[in-house]
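Sequences listed follow chains X and R, in order.
For this note's numbering, count along the first sequence from 1 and bump the result up by 3.
For this note's numbering, count along the second sequence from 1 and bump the result up by 3.
Quick reminder that beta carbons are idealized off the backbone N, C-alpha and C, glycines included.
There are 2 protein chains.
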Amino acid sequence: MSLLLIGMGIWGEKDISLRGLEELKGCDVVFAEQYTGSREPNSLKRLEKLAGKKIILIGREEVEGEEKILKAALSKRVALLVPGDPLISTTHISLKLSAEKRGIETSIVHSSSILTAAIGECGLQVYKLGKPCTLALWSKGYEPTSSYDVIAENRERGLHSVVFLDIKERCMEAKEALEQLLGVEKEKKRLGEFHAVVLSRVGSREQKITYGEPEALLKKQLGKPPFIIVIPGKLHFMEEEALQRFGI
Amino acid sequence: MSLLLIGMGIWGEKDISLRGLEELKGCDVVFAEQYTGSREPNSLKRLEKLAGKKIILIGREEVEGEEKILKAALSKRVALLVPGDPLISTTHISLKLSAEKRGIETSIVHSSSILTAAIGECGLQVYKLGKPCTLALWSKGYEPTSSYDVIAENRERGLHSVVFLDIKERCMEAKEALEQLLGVEKEKKRLGEFHAVVLSRVGSREQKITYGEPEALLKKQLGKPPFIIVIPGKLHFMEEEALQRFGI
Chain X
4 MSLLLIGMGI
14 WGEKDISLRG
24 LEELKGCDVV
34 FAEQYTGSRE
44 PNSLKRLEKL
54 AGKKIILIGR
64 EEVEGEEKIL
74 KAALSKRVAL
84 LVPGDPLIST
94 THISLKLSAE
104 KRGIETSIVH
114 SSSILTAAIG
124 ECGLQVYKLG
134 KPCTLALWSK
144 GYEPTSSYDV
154 IAENRERGLH
164 SVVFLDIKER
174 CMEAKEALEQ
184 LLGVEKEKKR
194 LGEFHAVVLS
204 RVGSREQKIT
214 YGEPEALLKK
224 QLGKPPFIIV
234 IPGKLHFMEE
244 EALQRFGI
Chain R
4 MSLLLIGMGI
14 WGEKDISLRG
24 LEELKGCDVV
34 FAEQYTGSRE
44 PNSLKRLEKL
54 AGKKIILIGR
64 EEVEGEEKIL
74 KAALSKRVAL
84 LVPGDPLIST
94 THISLKLSAE
104 KRGIETSIVH
114 SSSILTAAIG
124 ECGLQVYKLG
134 KPCTLALWSK
144 GYEPTSSYDV
154 IAENRERGLH
164 SVVFLDIKER
174 CMEAKEALEQ
184 LLGVEKEKKR
194 LGEFHAVVLS
204 RVGSREQKIT
214 YGEPEALLKK
224 QLGKPPFIIV
234 IPGKLHFMEE
244 EALQRFGI
């Protein structure tokens with residue numbers, strides 16, 4: 004019948020849009036996944052109460068496997084709740100395409116995304132946003148440096164980099180990310196001296212933003228995970244002024 | 004006292020978040036601006052009813068002048084409603100900084116942004132999003148080509164370009180934008196053969212997406228303004244498949 008992908012927004016249960024909640028109330032089955040983004044602990048329980056609907060939490064395998072969701076959506080009005088704005092993960096695009104192929108009507112309810120929220124909270128200009136990237140937790144034999152290269156290329160064009168931190172196995176700490184970047188910089192030397200903005204729990208009451216040289220940031224309290232890091236490119240004086248509010 | 008910047012989201016009155024509406028209800032004075040983004044006609048009137056608050060529409064001069072808003076916010080709880088996600092326009096960042104300098108408490112309620120919504124609706128990957136740009140309506144003596152160069156640079160890196168269309172004097176038509184791009188391409192020849200995605204009224208019931216060569220798009224019905232154009236970079240097979248749904 005139909006599949007709705009509904010964005011839950013960046014943090015709490017009230018970050019969903021009015022339309023999102025309205026659509027949710029009209030669904031027969033409501034799934035939610037929380038592995039493509041980190042949200043406020045217990046916010047799903049509270050959203051369940053707001054909507055008056057049972058929400059079935061499903062994991063990566065069930066989302067990527069698609070069958071469970073598609074089978075339900077063949078005969079019912081099904082929603083999949085997604086952290087942030089939907090369709091940002093390849094998984095959701097794949098799911099939408101698969102549903103359409105089976106003749107299931109699909110629609111999207113958009114919501115706030117950490118990408119624009121992070122840039123905005125820093126006071127940086129979205130017109131200077133470069134390619135985003137994700138830093139992965141390194142393990143033995145798996146030490147990718149491609150995200151460092153993305154940041155370096157962005158910087159060479161004067162652009163800001165929004166750097167997502169790995170949330171697969173666990174939430175990467177901001178300091179792990181900074182150390183990783185400094186480690187790669189030692190070898191590749193493409194960034195030179197640089198500053199970073201560390202954003203903790205964007206959109207929450209505890210939101211904390213800290214700005215400075217990575218070496219100095221490593222010595223500070225940076226807040227709690229989830230984190231996002233922004234590596235600024237060339238700064239306009241108003242961007243500089245905006246960042247100084249968070250300077251250490 | 005306080006200034007809240009509340010995002011209204013990408014299209015209708017129900018694109019605001021639950022938190023946005025809740026905060027709105029608690030404000031003494033509510034301003035709204037509609038010149039930094041186009042939204043559904045009459046949605047502000049409907050939002051006024053939903054919130055049970057008088058909404059005072061103010062223009063570019065009053066927003067950029069800042070005094071009207073800041074003066075109210077010195078003694079009252081003031082909201083400024085903003086299209087999309089707040090802080091995306093320099094104006095709002097400037098306003099927030101000015102408020103903080105005067106000791107006014109500020110906060111932000113995020114909402115859906117056309118930037119991530121457009122990329123998602125196309126089925127393109129946000130990880131390949133390049134620097135965004137805006138095409139301006141040309142007039143005698145004012146024919147900037149810098150946005151064309153941004154698109155070309157993004158393409159050279161394999162990245163997707165989200166191209167906003169001028170909404171200052173009036174909403175630029177998608178075909179004007181395509182003609183402008185083709186005109187500059189004739190001179191600068193940096194793009195070569197390229198395809199474009201034209202998105203009309205993203206997030207509305209009338210949403211229409213069309214994909215193809217610009218010359219072919221010029222002969223098609225592309226929907227109604229406001230438009231966003233996306234110039235894809237290097238396509239992954241799933242992105243290609245997603246775009247083919249909109250092919251002409």
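Q) At a CB-CB cut-off below 7 angstroms, which residues of chain R make contact with V129 of chain X? A) As a working note, residue 129 of chain X is residue 126 in the first sequence. Within chain R, I91, L118, P135 have C-beta atoms less than 7 angstroms from the C-beta of V129 of chain X, given in sequence order.
Q) Can the beta-carbon of M175 of chain X be found less than 8 angstroms from the beta-carbon of L225 of chain X? A) The residue given as residue 175 of chain X occupies position 172 in the first sequence. The residue given as residue 225 of chain X occupies position 222 in the first sequence. No, the pair does not count as a contact, with Cβ atoms beyond the cut-off.
**Q.** Whole-angstrom distance between E26 of chain R and A177 of chain X, CA atom to CA atom
**A.** On the first sequence, position 174 is the one that residue 177 of chain X refers to. On the second sequence, position 23 is the one that residue 26 of chain R refers to. Those two C-alpha atoms are separated by around 31 angstroms.
(Q) With a threshold of 8 angstroms on Cβ separation, who are the neighbours of K28 of chain X within its own chain once the five nearest residues in sequence on each side are excluded? (A) Here residue 28 of chain X refers to the residue found at position 25 when the first sequence is read from its first residue. Residues of the same chain with a CB within less than 8 angstroms of the CB of K28 of chain X, apart from the 5 flanking positions on each side, are A54, G55, K56 in chain order.
Q. By Cβ distance, which residues of its chain are closer than 8 angstroms to I122 of chain X, with the 5 residues on each side in sequence left out?
A. Numbered from its first residue, the first sequence carries residue 122 of chain X at position 119. Same-chain partners within the cutoff: Q128, V129, L132, H163, V165, V233.
Q: Take L6 of chain R as the anchor and find which of R:K48, R:S150, R:K104, R:I13 has the nearest alpha-carbon.
A: Along the second sequence, one-based indexing puts residue 6 of chain R at 3. Scanning R:K48, R:S150, R:K104, R:I13 for the CA closest to the CA of L6 of chain R turns up R:K104.
Q: Identify whether V187 of chain R lies in helix, strand or coil by the three-state DSSP scheme.
A: Taking the first residue of the second sequence as 1, we reach residue 187 of chain R at position 184. In this structure, V187 of chain R counts as helix in the three-state DSSP scheme.
Q) Whose C-alpha, out of X:E146, X:Y38, X:S116, is nearest the C-alpha of L184 of chain X? A) What you label residue 184 of chain X is simply residue 181 of the first sequence in a count that begins at 1. Of X:E146, X:Y38, X:S116, the residue nearest in Cα terms is X:E146.
Q.
Within 8 angstroms of any Cβ in chain B, is that where the Cβ of S207 of chain R sits?
A. Chain labels in this structure do not include chain B; the protein chains are X and R.
Q: Would you mind sorting M4 of chain X into buried or exposed? The rule is 16 or more other CB atoms within 10 Å of its CB.
A: Taking the first sequence and counting its residues from 1, one reaches residue 4 of chain X at position 1. When all chains shown are included, M4 of chain X counts as exposed.
Q | Members of the segment 14-39 of chain X near chain R, C-beta cut-off 9 angstroms | A | Flagged, chain order: W14, G15, E16, K17, D18, I19, S20, L21, R22, G23, L24, E25.
**Q.** Complete runs of the beta strand (DSSP E) confined to the segment 186-236 of chain R [at least 3 residues]
**A.** Entirely contained in the segment 186-236 of chain R, the beta strand (DSSP E) runs reaching 3 residues are, in chain order, 199-203, 211-215, 230-234.
Q) S97 of chain X versus chain R: which residues are under 7 angstroms apart at the beta carbon? A) In the first sequence, counting from the first residue as 1, residue 97 of chain X sits at position 94. Near S97 of chain X (Cβ distances below 7 angstroms), the residues of chain R are M241.
Q: Assign I251 of chain X to one of two classes, buried (16 or more other C-beta atoms within 10 Å of its C-beta) or exposed (fewer than that).
A: In the first sequence, the residue the question calls residue 251 of chain X occupies position 248. That one is exposed.
Q: Compute the Euclidean distance between the alpha carbons of T109 of chain X and A102 of chain X, then round it to the nearest angstrom.
A: Along the first sequence, one-based indexing puts residue 109 of chain X at 106. Along the first sequence, one-based indexing puts residue 102 of chain X at 99. A direct Cα-Cα distance of roughly 7 angstroms separates T109 of chain X from A102 of chain X.
Q | Continuous alpha helix (DSSP H) assignments of at least 4 residues falling wholly in the segment 104-137 of chain X | A | Taking only runs of at least 4 residues, the alpha helix (DSSP H) segments lying wholly in the segment 104-137 of chain X are 117-125.
Q: Report the residue from X:E36, X:K71, X:L8, X:L181 whose alpha carbon sits nearest the alpha carbon of V200 of chain X.
A: Reading the first sequence from its first residue, position 197 is the one you call residue 200 of chain X. That would be X:L181, whose Cα lies nearest to the Cα of V200 of chain X.
(Q) Measuring straight from C-alpha to C-alpha, what distance separates L21 of chain X and G10 of chain R? (A) To locate residue 21 of chain X, count along the first sequence from 1; it is residue 18. To locate residue 10 of chain R, count along the second sequence from 1; it is residue 7. Looking at the two C-alpha atoms, the distance is approximately 13 angstroms.
Q.
Please identify the residue among R:S92, R:V112, R:K227 whose C-alpha is closest to the C-alpha of Q136 of chain R.
A. For this step, residue 136 of chain R is matched to residue 133 along the second sequence. What sits at residue 136 of chain R in the sequence shown is Cys, not Gln. Nearest option by C-alpha distance: R:S92.
Q: Show which residues of chain X have a CB atom less than 9 angstroms away from the CB atom of L100 of chain R.
A: For the purposes of this step, residue 100 of chain R is identified with residue 97 of the second sequence, where counting begins at 1. Here the neighbours are G126, M241, E244, A245, R248.
Q. Does L162 of chain R come within less than 8 angstroms of chain X when only Cβ atoms are used?
A. Translated into the one-based positions of the second sequence, residue 162 of chain R becomes position 159. L162 of chain R counts as touching chain X.
Q | chain R within 8 angstroms of G123 of chain X, Cβ atoms only | A | Here residue 123 of chain X refers to the residue found at position 120 when the first sequence is read from its first residue. It does: the Cβ of G123 of chain X has a partner Cβ on chain R nearer than 8 angstroms.
(Q) In the DSSP output, what is G10 of chain R paired with across the bridge? (A) By one-based count along the second sequence, residue 10 of chain R stands at place 7. Residue pairing by DSSP places G10 of chain R opposite R:V85 in a beta bridge.
Q. Residue ranges of each beta strand (DSSP E) run of no fewer than 3 residues wholly in the segment 26-98 of chain R, ordered along the chain?
A. Complete beta strand (DSSP E) runs here, min 3: 32-35, 58-60, 80-85.
Q: Look at Y151 of chain X and V187 of chain X and say whether their C-beta atoms are less than 8 angstroms apart.
A: Here residue 151 of chain X refers to the residue found at position 148 of the first sequence. Here residue 187 of chain X refers to the residue found at position 184 of the first sequence. Annotated as proximal: Y151 of chain X and V187 of chain X, with beta-carbon spacing under 8 angstroms.
Q: Would you kindly report the start and end of the unbroken alpha helix (DSSP H) that includes S149 of chain X?
A: Residue 149 of chain X sits at position 146 when you count from the first residue of the first sequence. First-last of the alpha helix (DSSP H) with S149 of chain X: 149-159.
Q: Leaving out five residues on either side along the sequence, give the residues of the same chain with a beta carbon under 8 angstroms from the beta carbon of R80 of chain X.
A: Numbered from 1 along the first sequence, position 77 holds the residue referred to as residue 80 of chain X. Excluding sequence neighbours, R80 of chain X sits near M4, S5, L7, G29, C30, D31, V32.
Q) Roughly how many angstroms lie between the CA atoms of R173 of chain X and K191 of chain X, to the nearest whole one? A) In the first sequence, residue 173 of chain X corresponds to position 170, counting from 1. In the first sequence, residue 191 of chain X corresponds to position 188, counting from 1. So the alpha carbons of these two residues sit roughly 27 angstroms apart.
**Q.** Secondary structure of G23 of chain R, DSSP reduced to three states
**A.** Residue 23 of chain R sits at position 20 when you count from the first residue of the second sequence. Three-state result, G23 of chain R: helix.
Q.
Measuring alpha carbon to alpha carbon, tell me which residue in X:E65, X:G12, X:E209 is nearest L47 of chain X.
A. As a working note, residue 47 of chain X is residue 44 in the first sequence. Measuring from the Cα of L47 of chain X, the nearest candidate turns out to be X:G12.
Q) Since I212 of chain R and E124 of chain R are thought to touch, with beta carbons under 8 angstroms apart, how far apart are those beta carbons, to the nearest angstrom? A) Along the second sequence, one-based indexing puts residue 212 of chain R at 209. Along the second sequence, one-based indexing puts residue 124 of chain R at 121. Indeed, because the Cβ distance is near 6 angstroms, the residues count as touching under 8 angstroms.
Q | 7 angstroms Cβ cut-off: residues of chain R touching D152 of chain X | A | For the purposes of this step, residue 152 of chain X is identified with residue 149 of the first sequence, where counting begins at 1. Ordered by position in chain R, no residue passes the 7 angstroms Cβ test against D152 of chain X, which lies about 11 angstroms from the chain.
Q: Compare the Cα-Cα distances from D88 of chain R to each of X:K74, X:N157, X:G68, X:S115 and report the closest residue.
A: Locating residue 88 of chain R in the second sequence gives position 85, where the first residue counts as 1. Closest by alpha carbon: X:S115.
Q. For the alpha helix (DSSP H) that F240 of chain X lies in, which residues bound it at each end?
A. Position 237 of the first sequence, counted from the first residue, corresponds to residue 240 of chain X. That run of the alpha helix (DSSP H) goes 240-247.
Q: Grab the span of the beta strand (DSSP E) containing S142 of chain R for me, first residue to last.
A: Residue mapping note: residue 142 of chain R aligns to position 139 of the second sequence, counting from 1. DSSP places S142 of chain R in no beta strand (DSSP E); its state is neither H nor E.
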